[in-house]
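Numbering (the numbering used here), first residue to last: 3 to 412. One structure is given here, and the rest of the page talks about it.
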């Protein structure tokens, strides 16, 4: 199988972002007035265009993390920003420096560089005490970049995990944690070049972006990642670029429905769209993606959606594990679009609208063909891919910390 070239000679950014940032209780009340309400979309439209400050590497044709997926409007962490600020490894200090910024400083470009150490957490549940709460300002014209001062992995977030509540206009890049993170009612938040156990967005959210985020490859009976709106909050405009979402394997006999990315929820507000570009997603015990009927649209551009037996090529099953053959897709979303992608495993009964230049590991029934444009291209050889076949399509040999540290250097 031909390797899709990466860009090994290019400077890389760290993908594990510092996701744990709630403000301590003493700060939470003081900053609550800055908490981003999930305002109607028109109230956030019409912002002045801002000049891109990045001088990062050019894009690559590989799938998954390759050090090229980085928000173009952010300062490049390897350069000196107009406001380049060093802080101690402390959430309170991080929050104070962010809240002291002016709109003019943010528009010119801000990088917060965190000294080496471990940032504490208080759990990644939806009601866990937030490490950062109400930090940021949705009236700012761009995001504030927060990175470890000494590069990817030099700042860890405690393995208990972290929650970020009602934060806005923050971009956390280059962090590592053996735990997970949860975003609740955040607006215009970005997490990237980071390695976490799990990732969750719940209650509500808008403008959430994940860039070369690596999660999963673990044993548990909970999903690798989930996006779950509640009440009347909107959950809109979720994007992922160059991510690798790995399997979660539940124990044998478990009745849990264990998926890699689940878009479900009890909310009644707007839900979707989801856009994934250059991502690699490996199925968990039950499915790769579960897409609820209320999700307005799910679009995949140049992605690998690997269910059936392929996840276990990367993450071999052990005695006592549930021996699943995960679906690629499950749920009832009525507008699923795939372009230039590869799908392995059953695709369920969702409504596929556009499927172009996309291969599937088996011959689908006619009702699974797209309703608007294109056709599935059947390639049964996909189901027999080895680990080497899968990784040959990517710019990295694995997702270990040492590999990611070399990839995300600045």
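Glycine included, each C-beta is placed from N, C-alpha and C at the ideal position. Predicted model only: the values in this text are computed from it and were never measured.
Open item on the list: With H, G and I counted as helix, E and B as strand and the rest as coil, what does DSSP make of residue 393?
Closed with: Here the question's residue 393 lines up with position 391 in the chain shown. In the structure shown, residue 393 sits in a helix (DSSP, three-state: H, G or I).
- [ ] With residue 108 as the anchor, note down where its beta strand (DSSP E) starts and where it stops.
- [x] Walking along the chain shown from the start, residue 108 turns up at place 106. Where residue 108 is concerned, there is no enclosing beta strand (DSSP E), although the alpha helix (DSSP H) it sits in stretches over 105 to 110.
TODO: Would you kindly report the start and end of the unbroken alpha helix (DSSP H) that includes residue 95?
DONE: Reading the chain shown from its first residue, position 93 is the one you call residue 95. 93 to 101 is the span of the alpha helix (DSSP H), which, as asked, contains residue 95.
TODO: Let me know if residue 90 comes out buried or exposed under the rule of 16 or more other beta-carbons within 10 Å of its beta-carbon.
DONE: Residue 90 sits at position 88 when you count from the first residue of the chain shown. Flag for residue 90 reads exposed.
TODO: Would you check if the distance between the CB atom of residue 340 and the CB atom of residue 367 is smaller than 9 Å?
DONE: As a first step, residue 340 is located in the chain shown; it is residue number 338 there, counting from the start. As a first step, residue 367 is located in the chain shown; it is residue number 365 there, counting from the start. No, they are not a contact pair.
Task: Residue nearest to residue 245 in terms of C-alpha spacing, selected from 397, 412, 220, 80 - done: The residue you call residue 245 lines up with position 243 of the chain shown. Comparing Cα-Cα distances from residue 245 to each of 397, 412, 220, 80, the minimum goes to 397.
Task: Rounded C-alpha distance that separates residue 202 from residue 164 - done: Here the question's residue 202 lines up with position 200 in the chain shown. Here the question's residue 164 lines up with position 162 in the chain shown. Each residue's Cα considered, the two are about 11 Å apart.
- [ ] Using a threshold of 9 Å, state whether the C-beta atoms of residue 135 and residue 101 are closer than that.
- [x] On the chain shown, residue 135 is found 133 positions in, with the first residue counted as 1. On the chain shown, residue 101 is found 99 positions in, with the first residue counted as 1. The Cβ-Cβ distance between residue 135 and residue 101 does not fall below 9 Å.
- [ ] Look up residue 231 in the DSSP assignment and give the residues it is bridged to.
- [x] By 1-based counting over the chain shown, the position of residue 231 is 229. BP columns for residue 231 point to 205.
- [ ] Could you please give the first and the last residue of the uninterrupted beta strand (DSSP E) stretch that includes residue 238?
- [x] Position 236 of the chain shown, counted from the start, is the residue given in the question as residue 238. Where residue 238 is concerned, the enclosing beta strand (DSSP E) stretches over 237 to 243.
- [ ] Return the CA-CA distance between residue 263 and residue 250, expressed in angstroms with no decimal places.
- [x] The sequence position of residue 263 within the chain shown is 261, counting from 1. The sequence position of residue 250 within the chain shown is 248, counting from 1. Each residue's Cα considered, the two are about 10 Å apart.
TODO: Output the distance between the C-alpha atoms of residue 255 and residue 94, rounded to the nearest integer angstrom.
DONE: Translated into the one-based positions of the chain shown, residue 255 becomes position 253. Translated into the one-based positions of the chain shown, residue 94 becomes position 92. Cα-Cα distance, rounded: 44 Å.
Task: Touch test, the stretch 216 to 236 against the stretch 144 to 161, Cβ-Cβ under 8 Å, three pairs minimum - done: no
Task: Residue span of the beta strand (DSSP E) that contains residue 303, given as start and end - done: One-based indexing of the chain shown puts residue 303 at position 301. Where residue 303 is concerned, the enclosing beta strand (DSSP E) stretches over 300 to 303.
TODO: Using a threshold of 9 Å, state whether the C-beta atoms of residue 233 and residue 410 are closer than that.
DONE: As a working note, residue 233 is residue 231 in the chain shown. As a working note, residue 410 is residue 408 in the chain shown. Going by C-beta atoms, residue 233 is not nearer than 9 Å to residue 410.
Open item on the list: Applying the 10 Å Cβ sphere with the 16-neighbour rule, what's the burial state of residue 208?
Closed with: As a first step, residue 208 is located in the chain shown; it is residue number 206 there, counting from the start. It counts as buried.
Open item on the list: I'd like to check one pair, residue 301 with residue 276: are the Cβ atoms closer than 9 Å?
Closed with: For this step, residue 276 is matched to residue 274 along the chain shown. For this step, residue 301 is matched to residue 299 along the chain shown. The answer is yes: Cβ separation under 9 Å.
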